[in-house]
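Q:
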Amino acid sequence: MRPNIVSEAGLRTRFGQWWDNIPFLTSAVVIICSIIYLVCLLVGYDSFVEICFSPSAIISQFQVYRIYTAIIFHGSLLHVLFNMMALVPLGSELERIMGSVRLFYMIVLLATSNAIFHVLIASLVAYNPFYSYHYLMNECAIGFSGILFSMIVIETSLSGAQTRSVFGLFNVPAKWYAWILLVVFQLLMTNVSLLGHLCGILSGFAYTYGLFNFLIPGTSFYSAIESSSLLSSCVRRPKFILCTGGNPQAYIPTHSSSNTSPSGLISGNIWRNLSSWMPQRGMSTQATQESSRFPGRGRTLSSSRSQTTPSDSTLEARLLDNSNLDHSLDVAANTTQQQVLDERRSSVDSAAAVARGNAHDQDSLVSEEDIQKLVSMGFERTQVEVALAAADGDLNIAVEILSQQG
């Protein structure tokens, strides 16, 4: 009899559950990168000169395919292991928010932008008139880590967290998290592409600040791809996440801009995004956290202000023509307050009427025994019936409603 058969079965079960929780695209990237590394290991392919990202080869020979082949090849077991272990939580979180097809488009976009930043910086360093350094032009970089650094920036901005933990050792401000990881990896590991990781961070910030919004299509584009016959077998898989099941917007919402249109970026959204990282006077920490975690609330307040602005300007124009300024202001304020009170009273009356109607319609769900239990606790019978109807017969929820009313 094998004494460890239970532990082995439990380990296989836990691994199966962990793997089943990884969405479709993230698990597909892990499988593809792992298989490519195993094939290269078996055939003895370790030069990577033909497929690595080399700025000089892209510029001189226009080998654009290197932009995308470089991200799926890895040089060692630790290289592919660490990258895939970092991809699983990051990719899973973003894929559940965005959808599988949208995340794939984002990966392609980030890979392209990383390559553009890489070539521009390498060319600037190599051909500047002050000090030329040609090593970056001939650098041969591979690995998924550049995309991972972009994902770290996007996920950190999306989470709204104020601090992040570095390997569980110490906490750092969230806005410096990616930069500190860049320095840590550069100091602890050898043969690390500093420029590749740096370009990943720059692409992540550019995506977060909405600079790529004009390149991101709407939801109908992703829905058309998902409904195509080519992806029918993939869409039917339970791990595949549809675009409609993720965020309805075409780009990830951030702490500073979640519904910004591409046309408004040049006019001032870049400055608003940059200023959101700076300490502001007259703002409490709690208010800042609430606005970052719940961007919808900020949009509601701004929209209400924009709606009240025309009425304020009209009132101001009328008051300028009126000689009795103070009297007009008092009348307008009293009228507004009276309208607000009337609206509140009517909404409360309608809500009470609906609750009473629901209470009568759901008499079958409310038993006389439950009513007597709550009445014996000191609540009025009418309030008990309304609370039970609102709680769908749940005594615990009804008690909470009655306690709040008391």
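The opening residue of the sequence shown carries number 1 in UniProt numbering; numbering runs sequentially from there.
Built from N, CA and C at the ideal position, the CB exists for glycine as well.
(1) Pop quiz: F212 and H197 are said to be a contact at Cβ under 8 angstroms. What is the actual Cβ separation, rounded to whole angstroms?
(2) Mind pulling the beta strand (DSSP E) runs of 3 or more residues that sit fully within the segment 165-222?
(3) The alpha helix (DSSP H) spanning Q63 covers which residue range?
(4) Name the DSSP bridge partner or partners of A141?
(5) In the DSSP assignment, find the unbroken alpha helix (DSSP H) run with A398 in it and report its ends.
(6) When you compare each of V30, Q372, A390 and L388 to M85 by their alpha carbons, which one comes out closest?
(7) H79 and G146: beta carbons closer than 9 angstroms?
(8) Beta carbon of S203, beta carbon of S159: below 9 angstroms?
(9) Using only CA atoms, which one of M189, I58 and I180 lies nearest to F117?
(10) Excluding sequence positions up to five away, which residues of its chain have a Cβ less than 6 angstroms from the Cβ of A115?
(11) Could you tell me if M137 is buried or exposed, where buried requires 16 or more neighbouring beta carbons within 10 angstroms of its beta carbon?
(12) Would you mind listing the alpha helix (DSSP H) stretches within the segment 74-101 that are 4+ residues and don't spill past its ends, in chain order?
(13) Let me know if F170 comes out buried or exposed under the rule of 16 or more other beta-carbons within 10 Å of its beta-carbon.
(14) Is the segment 126-141 touching the segment 48-56, taking contact as three or more C-beta pairs under 8 angstroms?
(15) Taking E380 as part of the alpha helix (DSSP H), name the residues at either end of that continuous run.
(16) Can you find at least 3 beta carbon pairs, one from the segment 92-110 and one from the segment 18-30, that sit closer than 8 angstroms?
(17) By a C-beta neighbour count over all protein chains shown, 10 Å radius and 16 as the cutoff for buried, is S275 buried or exposed?
(18) Checking 9 angstroms against the spacing of the C-beta atoms, do C243 and T219 come in under that value?
(19) Residues in its own chain within less than 6 angstroms of T69 by CB, not counting five upstream and five downstream?
(20) Contact criterion: CB-CB distance below 9 angstroms. Does S92 meet it with respect to chain D?
(21) Quick one: Cα of T163 to Cα of A174, how far?
(22) I believe T208 touches I154 by the beta-carbon criterion, under 8 angstroms. Please report the beta-carbon distance rounded to the nearest angstrom.
(23) Looking at S113: is its Cβ nearer than 9 angstroms to the Cβ of A206?
(24) Rounded to a whole number of angstroms, what is the C-alpha to C-alpha distance between D20 and I121?
(25) To the nearest angstrom, how far is it from the Cα of I32 to the Cα of L38?
(26) Between which residues of its own chain and R293 is the CB-CB distance below 7 angstroms, once the five residues before and five after are set aside?
(27) Alpha carbon to alpha carbon, what distance is there between S228 and A398?
(28) Mark A178 as exposed unless 16 or more other C-beta atoms lie within 10 angstroms of its C-beta, in which case mark it buried.
(29) If contacts are defined as beta-carbon pairs under 8 angstroms, then F240 and S100 qualify, I think. What distance do you get, rounded to the angstrom?
(30) Less than 8 angstroms between C-beta atoms, sequence neighbours within five positions excluded: which residues of the same chain meet that for G75?
(31) Can you list, in chain order, the residues of its chain whose CB lies under 6 angstroms from that of C140, leaving out five sequence neighbours each side?
(32) L388: buried (16+ other C-beta within 10 angstroms of its C-beta) or exposed?
(33) Can you tell me which of R236, T382, T13 and V119 puts its alpha carbon nearest to the alpha carbon of S60?
A: The structure says:
(1) Contact doesn't hold; Cβ gap of about 19 angstroms is too wide.
(2) 170-173
(3) Looking at the DSSP string, Q63 is not in any alpha helix (DSSP H), and its letter there is neither H nor E.
(4) F53
(5) L395 to Q405
(6) V30
(7) no
(8) no
(9) I58
(10) I67
(11) buried
(12) 77-98
(13) exposed
(14) yes
(15) No alpha helix (DSSP H) holds E380; DSSP gives it neither H nor E.
(16) yes
(17) Here S275 scores only 44 on pLDDT, less than 50, and its place in the model should not be relied on; the value that follows carries that caveat. Exposed.
(18) yes
(19) I51
(20) In summary, chain D is missing from the structure at hand, where a single protein chain is found.
(21) 5 angstroms
(22) 6 angstroms
(23) yes
(24) 41 angstroms
(25) 10 angstroms
(26) Caution is warranted here: a pLDDT of 42 is assigned to R293, below 50, making its placement in the model unreliable, and the coordinate value is therefore given only provisionally. So the list reads G160, once near-sequence residues are dropped.
(27) 49 angstroms
(28) buried
(29) 5 angstroms
(30) D46, F48, I142, G143 and N191
(31) C52 and S54
(32) buried
(33) V119
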